[in-house]
Amino acid sequence: MTQKKKLYEGKAKILYSTEEPEVLLTYYKDDATAFNAQKRGQIEGKGEVNCAIAAALFEWLESLGIPTHYIDRPAANQMRVKAVKILPVEVVVRNRAAGSLCRQTGLPEGKVLPFPLVEYYLKNDELGDPLLTGDRLMLLDIITQEQLTQIKEMALKINEHLQDFFNRCEITLVDFKLEFGLDAQNQILLADEISPDTCRLWDRRETDPQARVMDKDRFRKDLGQVESAYQQVQQRVLAQIEQWRQSVNK
Ligand code: UDP
24 MTQKKKLYEG KAKILYSTEE PEVLLTYYKD DATAFNAQKR GQIEGKGEVN
74 CAIAAALFEW LESLGIPTHY IDRPAANQMR VKAVKILPVE VVVRNRAAGS
124 LCRQTGLPEG KVLPFPLVEY YLKNDELGDP LLTGDRLMLL DIITQEQLTQ
174 IKEMALKINE HLQDFFNRCE ITLVDFKLEF GLDAQNQILL ADEISPDTCR
224 LWDRRETDPQ ARVMDKDRFR KDLGQVESAY QQVQQRVLAQ IEQWRQSVNK
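As numbered in the numbering used here, residues 24 to 273 make up the sequence shown, in order.
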């Protein structure tokens with residue numbers, strides 16, 4: 024595969040152009056950052072693990088009618104994706120209280136929310152990715168009302184599917200972050216990644232509040248065994264995907 028030009032290097036991925044203008048190549052890195060990149064490190068093998076998890080989940084979500092940017096995975100840590108214009112909004116969906124929701128509201132960690140909470144954060148490192156309201160999104164001309172309605176609907180549908188999926192993996196989906204992009208036809212596609220870097224995942228087989236953590240909080244909070252937690256997620260996700268493939272003969 025011809026890697027033409029590095030277009031962008033983010034904290035966890037590098038984006039290259041390809042010979043086809045509508046296709047981009049994403050390279051998943053082992054680099055890990057937290058707290059707006061104030062904490063930096065490496066999680067060995069993370070690139071391959073996250074790429075495998077994200078590819079499997081995108082393919083599965085696509086089969087359920089969620090349009091995604093995913094095309095295929097030409098190498099363990101590489102994903103070919105449809106070129107999209109990423110909307111500068113991080114969409115967070117929460118099923119239980121954790122992280123910034125606890126810090127900002129005082130809700131106890133782990134509290135089951137009475138409904139899935141959908142939140143919008145501005146993708147802007149200088150401003151520290153502030154929490155936005157729907158009206159502020161309009162004010163900043165980031166998105167139309169119609170797109171916002173569609174994105175919220177998509178996020179809630181993705182949450183239903185993912186909750187169901189992770190339940191079958193014996194994992195609680197606490198919260199997660201999504202990014203969306205617009206393709207050449209202005210269609211909204213699910214983009215970026217879904218992985219232990221972008222989700223809070225708690226092992227149902229563990230009750231201890233530290234032992235159950237299977238996501239980037241292990242890195243953020245220096246809980247150790249980050250690599251093995253990510254590998255465990257990969258193993259369970261791929262086992263579920265394998266069952267799905269067999270059931271649909273894919
Ligand atoms: N998240 C993310 N990227 C970000 C911020 C948050 O992937 O830049 C994910 C995070 O892993 C968690 C969810 O979004 O699954 C909610 O994060 P929260 O707002 O609680 O932020 P934090 O506690 O990490 O500051």
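All C-beta atoms in this analysis are idealised placements derived from N, C-alpha and C, irrespective of residue type, glycine included.
Looking at the backbone, the Cα of V197 and that of K239 are separated by about 13 Å.
Exclusion of the five residues before and after V46 leaves I94, R103, V104, K105 and A106 as the residues of its chain whose Cβ lies within less than 8 Å of its Cβ.
The C-beta separation of G247 from L110 comes to about 36 Å, leaving the pair out of contact by the 8 Å criterion. The beta carbon of Q263 sits closer than 7 Å to those of F188, R191 and C192, all from its chain and outside the five residues before and after it, given in chain order.
Annotation: I66 to A35 spans about 11 Å, alpha carbon to alpha carbon. The Cβ-Cβ distance between L185 and E202 does not fall below 9 Å.
The continuous stretches of alpha helix (DSSP H) do not include S218, and DSSP gives it neither H nor E.
T167 and R228 have their C-alpha atoms some 43 Å from each other.
In the three-state scheme derived from DSSP, where H, G and I count as helix and E and B as strand, L150 is classed as coil.
Scanning its chain for C-beta atoms nearer than 7 Å, with the 5 sequence neighbours on each side dropped, one finds around A120 the residues L130, P131, E132, G133, K134 and L136, in chain order. Linking K108 to I76 through their CA atoms gives a straight-line distance of about 23 Å. Contact check for I211 against M177 passes: the beta carbons are separated by less than 9 Å. Nearest neighbour of R268 by Cα position, chosen from L48, A60, S40 and W83, turns out to be W83. DSSP places T195 outside any alpha helix (DSSP H); the residue lies instead in the beta strand (DSSP E), whose first and last residues are I194 to L205.
Here G64 has A55 as same chain residues with Cβ atoms under 6 Å from its own Cβ, once five neighbours each way along the sequence are excluded.
Here L30 has L38, Y39, S40 and L47 as same chain residues with Cβ atoms under 8 Å from its own Cβ, once five neighbours each way along the sequence are excluded.
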